[in-house]
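Residue numbers (my numbering): 16 to 171.
We treat Cβ as the ideally placed atom computed from N, Cα and C, and that holds for glycine.
Notes for the one structure printed next.
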């Protein structure tokens, strides 16, 4: 998870929401990624999706059996669906997502009876660090927006 936090920092440096992820198999990192939706103009470029795309190419298989995904934020419904379809065995996340979390906070697609693949979920790993990283980012972003608004009013 510490590596995922480092990857989230890369996202933040690029002006993205700081979410990082990595996929591990047999103790080795297969692929790493971070949010890139803003820079790529692609709503699907979440950290988890970036990792799944890279890992599929590396392993030459979309089925990522016997792998573990570490991600700093609870997966959203889109990412949860992709993780289930790719057959990731275990998902470990840091911060809970009270707005769109699909691993138990809002809904749980991983335990839904319609899911034909299942994954083990480990919740809240290094949760404080992951949550603080996100909260700091959004606080700073709000302050920047207030400053821009204030500057616009002063010019008028």
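When the five nearest sequence neighbours on each side are left out, the beta carbons in the same chain lying within less than 6 Å of the beta carbon of residue 140 are those of 16, 107 and 109, in order along the chain.
Per the DSSP secondary-structure output, residue 106 pairs in a beta bridge with 84 and 136. Under DSSP, residue 21 shares a beta bridge with no residue. Annotated three-state conformation of residue 60 is coil, per DSSP. DSSP places residue 47 inside the beta strand (DSSP E), whose first and last residues are 43 to 49. Counting only residues of its own chain and dropping the five nearest sequence neighbours on each side, residue 103 has a CB closer than 6 Å to the CB of 79, 82, 84 and 134.
Around the beta carbon of residue 147, fewer than 16 other beta carbons sit within 10 angstroms, so the residue counts as exposed.
Secondary structure note for residue 97: its alpha helix (DSSP H) is the uninterrupted segment 92 to 101. The three-state reading of DSSP puts residue 71 in helix, counting H, G and I together.
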